[in-house]
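**Student:** Residue numbers (the numbering used here), protein chains in the order written: chain G, 1 to 330; chain V, 1 to 289. Note that beta-carbon positions come from the ideal geometry of N, C-alpha and C, so glycine has one too.
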Amino acid sequence: MIRGTSWKAALGVTAGVCVLLPFIVPQYSLTILIEALIFGLFAMSLDLLVGYCRLYSFGHAAAYGLGAYSAAIILTQLQLPLPVGIVLAVLVTMVVAVPIAWICTRSTGVSFAMLTLAFAQLGYAMLFRFRDITGGSDGIVGIPRPSGPLGMTWFQGKTGYYYLVLGCLFGSYLMCRAIVRSPFGAVLSGIRENEAKTIALGYNTRAYKTATAALAYGFGGLAGALYAAFAGFASPELFFWLVSGRVLIMVVVGGAGTLIGPILGGVFFVFIEHELSQVTDLWPLIFGSIFMAFVMFAPEGIWGLLTRRFNARPELASADAGNETSDAAA
Amino acid sequence: MILGFILAQCLSALSQAAILFFIACGLTLIFGIMRIVNFAHGAIFMLGAYVGFTIVAVTGSFLLSLLLAPIVVGAVGMGFERIFLRPLYGRRDGGAYLLLTFGLAIVLSELIRIIWGTQPLAAGIPDFLRGIVVVLDQPFPLYRLFLIALGLAAAIGLWQFLERTRAGLLIRAVSQNAEMVHALGTDVDLVRTGVFGLGCAMAALGGVLAAPLVTAFLGMGTTVVIDAFVIVIIGGMGSFLGSLIGSILVSFVQVLGAYYFQDLALAFMYFLMLTVLVIRPGGLLGKED
Chain G
1 MIRGTSWKAA LGVTAGVCVL LPFIVPQYSL TILIEALIFG LFAMSLDLLV
51 GYCRLYSFGH AAAYGLGAYS AAIILTQLQL PLPVGIVLAV LVTMVVAVPI
101 AWICTRSTGV SFAMLTLAFA QLGYAMLFRF RDITGGSDGI VGIPRPSGPL
151 GMTWFQGKTG YYYLVLGCLF GSYLMCRAIV RSPFGAVLSG IRENEAKTIA
201 LGYNTRAYKT ATAALAYGFG GLAGALYAAF AGFASPELFF WLVSGRVLIM
251 VVVGGAGTLI GPILGGVFFV FIEHELSQVT DLWPLIFGSI FMAFVMFAPE
301 GIWGLLTRRF NARPELASAD AGNETSDAAA
Chain V
1 MILGFILAQC LSALSQAAIL FFIACGLTLI FGIMRIVNFA HGAIFMLGAY
51 VGFTIVAVTG SFLLSLLLAP IVVGAVGMGF ERIFLRPLYG RRDGGAYLLL
101 TFGLAIVLSE LIRIIWGTQP LAAGIPDFLR GIVVVLDQPF PLYRLFLIAL
151 GLAAAIGLWQ FLERTRAGLL IRAVSQNAEM VHALGTDVDL VRTGVFGLGC
201 AMAALGGVLA APLVTAFLGM GTTVVIDAFV IVIIGGMGSF LGSLIGSILV
251 SFVQVLGAYY FQDLALAFMY FLMLTVLVIR PGGLLGKED
C-alpha cells in the first residue's frame, strides 16, 4: 500500500487533475467521463463485499437499480431538490438492503451469490408488477434535476454535475477507506480470512456482514441515483443480472480489496468500452478474455499487481511484509 | 372441456420442464462433483441450439443433430474444463470458478455471434413431429409430447446410469469424498472432466430441442441460465432428483403464472425460490453446507 505523505500527495494530484479536467476536455467527453466516475463509484461499493468480506454478490444491480428508481420516483413525483432526492434515495436503498442482506448472509460462497442474484431478479420482476409507479418496461423518463436547497442551481449543467459526481466519488472513497481501516474493518478482514475464528473471538459476524452489505448497497444506490438524475431516465435493465456481472468483473480486474482498484477498473472499462466499441464490435470478446485471464493468472487485479511491484522495493518491503503474507494466503 | 384444458396446460408445463431439466441436471451434476456453479451453462445451451441448427442445415436430419450436437458441445466443455478449470482446483477460493465461467459465458456468446451472426435462426420442427394430437378434445402439438417423452427417458436413463453403472458409482463416490476416491487409485481428474462434458452435453441436447420452439437467438442463454439456477437451488445443489423436482415446479409456476397472473409471472419463480431457501437453506433435497 502507498502510505502517509506519498498517499496524500497522490490523492491531492489526482483530485487536482480531476477538478481541472472540465477545462481541458471537450464538452461531449464530459458525458462519458461522468458515466465513468459513476461506474467507478458503483464498482467501489461492491468491493466492500467482495474484497473485504469475500462475499461474491451477483446481485449488486439491485443496489444500482434501487438507487436509480428511488431517485427517479422522488425527483419526478415529489420535485424535491436534487441533493435531497439523492440522499433520500441512498437512505431508501440502505433500508431495503438490511432485510435482504440479513437473509443473504445466512449463507456464504456460492449460495450467497445465488441468493443475491435471486433478490436482484425479484426486483427486476417487481418493476413489471408495479407498472403504474415504475413504468414497466418503458421505465421512468424525463427525470428532472430540481434546483435548491438555498437556490442552488450549479449542479444542473453538465460541468456542475461532473463536480457533484466527483465530490460524491471522493467523499465515498474517503468514507470507505476510513471504514476498512477502522476496528470495524479489521473484523471484516477477520471474517474474510477465517470466519470460524472470528466467531470464536466473540464477534457476531452476521451482523457485521449485514452492516457491510447495507453500506455497500448505500454507496451502490448513490451511484444509481447519480446515474438516473444524469441520464434522465431509469430502465429495468439497471436491475438486470448482466449489470451485476459487469460490475463484478470491474472489481476483480481492478483489484478486489483495494478500493482504488475497482474505481480505476470501473472508470477505465467505461472509457475503453466507449472508445473500442466505435472501432470494433469484438469488444465484448476482448473484455471477456481479459477478464478470464485475470481470474486465472492475476486474481489480485491491476491495482494489486501495481502495488506488489511498488512494495517489492527493498525499503518498503519490510513494512508490508505482514500484509503480503496474508494476501498470499488468500 | 375444463378437464381437457387443465390437462393441456399441464402437458405444456411438463414439456417446458423437460427442456429445463436438460439444463438443470447438468448444472447440478457439475456442482455435485466439482463444487462449481457453471455460469456458462446458458451459453452452452445456446451453443447446442446453434450447432444443432447447423447440423440440420448440412445433413437435413434432426435425429442426427440430436446425437451429434451434444457430442460436439460436450467435447468443447471437456476442453474448457481441462484447460481453464483444472489449474484452479488448488485454489481455496470457490468464487474463482464463478468468475471464470462467467467470463466463458461472455466469450462463448460473442463467438456464437461472430460465427452465426445476429439474425435469429428458425429451426423448424421436423416433419415427422409436426402433427397435432387431440387430448380430451384439446389439440396439442405432437412435438411437445415428444419433449415430455424424451425428458422422461433422459431422467430415467441418467438415474439408472448413476445408480447402476460403475462410472455412475465413481461419480457418486467423487461427490462424497474426492480425496478418498483418489487415494483408492481412481483418476479423479478424469471423472471431473467426464462429468463436466456430460453436463454440457445434456445442456446442448436441451438447446437442440428448444430451438424449434423459440428459434435460436443470441441471448436465449441469459434468461434460461437464471431459470436453471433457480431450479437447482430449489431442488438442492448437487441433488439429481432435486433438479427433476425443481424443473417441474418451476415450469408449472411459469406456465400457470403466465396464464393466470401475468403481472406476477416473473416474480413467482423467485418467490418460490426464496421461500424454499428461507425454510430449507440447502434446497428441498440438498445438504446445508
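Please work out which residues of its chain come closer than 8 Å, Cβ to Cβ, to residue 100 of chain V, disregarding the five sequence neighbours upstream and downstream, and give them in chain order.
**Tutor:** Position 100 of the second sequence, counted from the first residue, corresponds to residue 100 of chain V. Within the same chain, residue 100 of chain V has close Cβ partners 84, 85, 88.
**Student:** Tell me which residue opens and which closes the beta strand (DSSP E) that residue 180 of chain G is part of.
**Tutor:** Locating residue 180 of chain G in the first sequence gives position 180, counting from the first residue. Looking at the DSSP string, residue 180 of chain G is not in any beta strand (DSSP E); the run it does join, the alpha helix (DSSP H), is 158-181.
**Student:** Comparing alpha-carbon positions, which option in G:110, G:275, G:162 lies nearest residue 58 of chain G?
**Tutor:** Start at 1 with the first residue of the first sequence, and residue 58 of chain G comes out as number 58. Comparing Cα positions, the closest option is G:110.
**Student:** Would you list, in chain order, the members of the region 114-130 of chain G that have their beta-carbon closer than 8 Å to a beta-carbon of chain V?
**Tutor:** Within the region 114-130 of chain G, the qualifying residues are 114, 115, 117, 118, 119, 121, 122, 124, 125, 126, 128, 129.
**Student:** Any beta carbon from chain V within less than 8 Å of residue 133 of chain G's own beta carbon?
**Tutor:** In the first sequence, counting from the first residue as 1, residue 133 of chain G sits at position 133. Chain V contact via Cβ: absent.
**Student:** According to DSSP, residue 140 of chain G sits in a beta bridge with which residue or residues?
**Tutor:** Reading the first sequence from its first residue, position 140 is the one you call residue 140 of chain G. G:234.
**Student:** Under 8 Å, do residue 12 of chain V and residue 208 of chain V count as touching if we go by C-beta distance?
**Tutor:** Along the second sequence, one-based indexing puts residue 12 of chain V at 12. Along the second sequence, one-based indexing puts residue 208 of chain V at 208. Taking 8 Å as the Cβ cut-off, residue 12 of chain V and residue 208 of chain V do not qualify as a contacting pair.
**Student:** Which word fits residue 227 of chain V, buried or exposed, when buried means at least 16 other C-beta atoms lie within 10 angstroms of its C-beta?
**Tutor:** Stepping through the second sequence from its first residue, residue 227 of chain V is reached at position 227. Flag for residue 227 of chain V reads buried.
**Student:** Residues of the region 241-265 of chain G with a CB closer than 8 Å to any CB of chain V: list them in chain order, please.
**Tutor:** Within the region 241-265 of chain G, the qualifying residues are 241, 242, 245, 248, 249, 252.
**Student:** Under 8 Å, CB to CB, which of the residues in the region 280-309 of chain G have a partner in chain V?
**Tutor:** Within the region 280-309 of chain G, the qualifying residues are 282, 284, 285, 287, 288, 289, 291, 292, 295, 296, 299.
**Student:** Alpha carbon to alpha carbon, how far is residue 229 of chain V from residue 276 of chain V? Give it in angstroms, no decimals.
**Tutor:** Taking the first residue of the second sequence as 1, we reach residue 276 of chain V at position 276. Taking the first residue of the second sequence as 1, we reach residue 229 of chain V at position 229. When rounded, the distance between both Cα atoms is 13 Å.
**Student:** Output yes or no for whether 8 Å exceeds the beta carbon distance between residue 37 of chain G and residue 243 of chain G.
**Tutor:** In the first sequence, residue 37 of chain G corresponds to position 37, counting from 1. In the first sequence, residue 243 of chain G corresponds to position 243, counting from 1. In this structure, residue 243 of chain G does not lie closer than 8 Å to residue 37 of chain G by Cβ.
**Student:** Would residue 38 of chain V be called buried (16 or more neighbouring beta carbons within 10 Å of its own) or exposed?
**Tutor:** For the purposes of this step, residue 38 of chain V is taken as the residue at position 38 of the second sequence. Buried is the call here.
**Student:** Where do the N-terminal and C-terminal ends of the alpha helix (DSSP H) with residue 37 of chain V fall, by residue?
**Tutor:** For the purposes of this step, residue 37 of chain V is identified with residue 37 of the second sequence, where counting begins at 1. No alpha helix (DSSP H) contains residue 37 of chain V, which DSSP labels as neither H nor E.
**Student:** Flag residue 120 of chain V as yes if its beta-carbon sits less than 8 Å from any beta-carbon of chain G, otherwise no.
**Tutor:** Here residue 120 of chain V is taken as the residue at index 120 of the second sequence, counted from 1. For residue 120 of chain V, the answer is no, since every Cβ of chain G falls outside 8 Å of its Cβ.
**Student:** What does a CB cutoff of less than 7 Å around residue 192 of chain G pick up in its chain, not counting 5 residues either side in sequence?
**Tutor:** Taking the first sequence and counting its residues from 1, the one referred to as residue 192 of chain G is at position 192. Same-chain partners within the cutoff: 52, 53, 54.
**Student:** Check whether the Cβ of residue 270 of chain V lies closer than 8 Å to any Cβ atom in chain G.
**Tutor:** Against the second sequence, residue 270 of chain V aligns to sequence position 270. So yes, residue 270 of chain V belongs to the interface.
**Student:** 8 Å is my cut-off, CB to CB: does residue 192 of chain G come that close to chain V?
**Tutor:** The residue given as residue 192 of chain G occupies position 192 in the first sequence. No, residue 192 of chain G does not count as interfacial toward chain V.
**Student:** What did DSSP end up calling residue 216 of chain V once you bin it into helix, strand or coil?
**Tutor:** Taking the second sequence and counting its residues from 1, one reaches residue 216 of chain V at position 216. Strand, per DSSP.
**Student:** Could you run through the region 217-235 of chain V and flag, in chain order, every residue whose CB is less than 8 Å away from some CB of chain G?
**Tutor:** Cβ contacts with chain G come from 222, 226, 229, 230, 233.
**Student:** Taking C-beta to C-beta, are residue 103 of chain G and residue 232 of chain V nearer than 8 Å?
**Tutor:** Taking the first sequence and counting its residues from 1, the one referred to as residue 103 of chain G is at position 103. Taking the second sequence and counting its residues from 1, the one referred to as residue 232 of chain V is at position 232. Contact flag unset, no.
**Student:** Is the region 172-192 of chain V touching the region 47-56 of chain V, taking contact as three or more C-beta pairs under 8 Å?
**Tutor:** With the cut-off at 8 Å, the region 172-192 of chain V and the region 47-56 of chain V do not touch.
**Student:** 8 Å is my cut-off, CB to CB: does residue 273 of chain V come that close to chain G?
**Tutor:** Residue mapping note: residue 273 of chain V aligns to position 273 of the second sequence, counting from 1. Chain G, which has a Cβ nearer than 8 Å to the Cβ of residue 273 of chain V, makes this yes.
**Student:** Relative to the alpha-carbon of residue 168 of chain G, which residue among G:204, G:9, G:19 has its alpha-carbon at the smallest distance?
**Tutor:** In the first sequence, the residue the question calls residue 168 of chain G occupies position 168. When only C-alpha atoms are compared, the closest one is G:19.
**Student:** Between the Cα of residue 183 of chain V and those of V:170, V:195, V:224, spot the shortest distance and give me the residue it belongs to.
**Tutor:** Walking along the second sequence from the start, residue 183 of chain V turns up at place 183. For residue 183 of chain V, the nearest C-alpha among the options comes from V:170.
**Student:** Compare the C-alpha of residue 185 of chain G against each of G:284, G:258, G:148, G:99 and name the closest.
**Tutor:** Counting from 1 along the first sequence, the entry for residue 185 of chain G is found at position 185. With distances taken between Cα atoms, residue 185 of chain G lies closest to G:258.
**Student:** Is it true that the CB of residue 232 of chain G sits closer than 8 Å to the CB of residue 250 of chain G?
**Tutor:** Walking along the first sequence from the start, residue 250 of chain G turns up at place 250. Walking along the first sequence from the start, residue 232 of chain G turns up at place 232. Taking 8 Å as the Cβ cut-off, residue 250 of chain G and residue 232 of chain G do not qualify as a contacting pair.
**Student:** Considering only DSSP beta bridges, list what residue 107 of chain V is partnered with.
**Tutor:** Locating residue 107 of chain V in the second sequence gives position 107, where the first residue counts as 1. According to DSSP, which records beta bridges pairwise, residue 107 of chain V is partnered with nothing at all.
**Student:** Here's a check: name, in chain order, each residue in its chain whose Cβ is nearer than 7 Å to the Cβ of residue 124 of chain G, leaving out the five neighbours to either side.
**Tutor:** Taking the first residue of the first sequence as position 1, residue 124 of chain G is located at position 124. So the qualifying residues of the chain are 236, 239, 240.
**Student:** Kindly list the residues whose CB is nearer than 6 Å to the CB of residue 290 of chain V, restricted to its own chain and excluding five residues on each side of it in sequence; keep chain order.
**Tutor:** This structure cannot settle anything about residue 290 of chain V, because the visible part of chain V is limited to 1 through 289.
**Student:** Check this for me: beta carbons of residue 234 of chain G and residue 89 of chain G, under 8 Å apart or not?
**Tutor:** Here residue 234 of chain G corresponds to residue number 234 of the first sequence, with the count starting at 1. Here residue 89 of chain G corresponds to residue number 89 of the first sequence, with the count starting at 1. No, the pair does not count as a contact, with Cβ atoms beyond the cut-off.
**Student:** Answer yes or no: do residue 101 of chain G and residue 210 of chain G have a C-beta to C-beta separation smaller than 8 Å?
**Tutor:** Here the question's residue 101 of chain G lines up with position 101 in the first sequence. Here the question's residue 210 of chain G lines up with position 210 in the first sequence. The answer is yes: Cβ separation under 8 Å.
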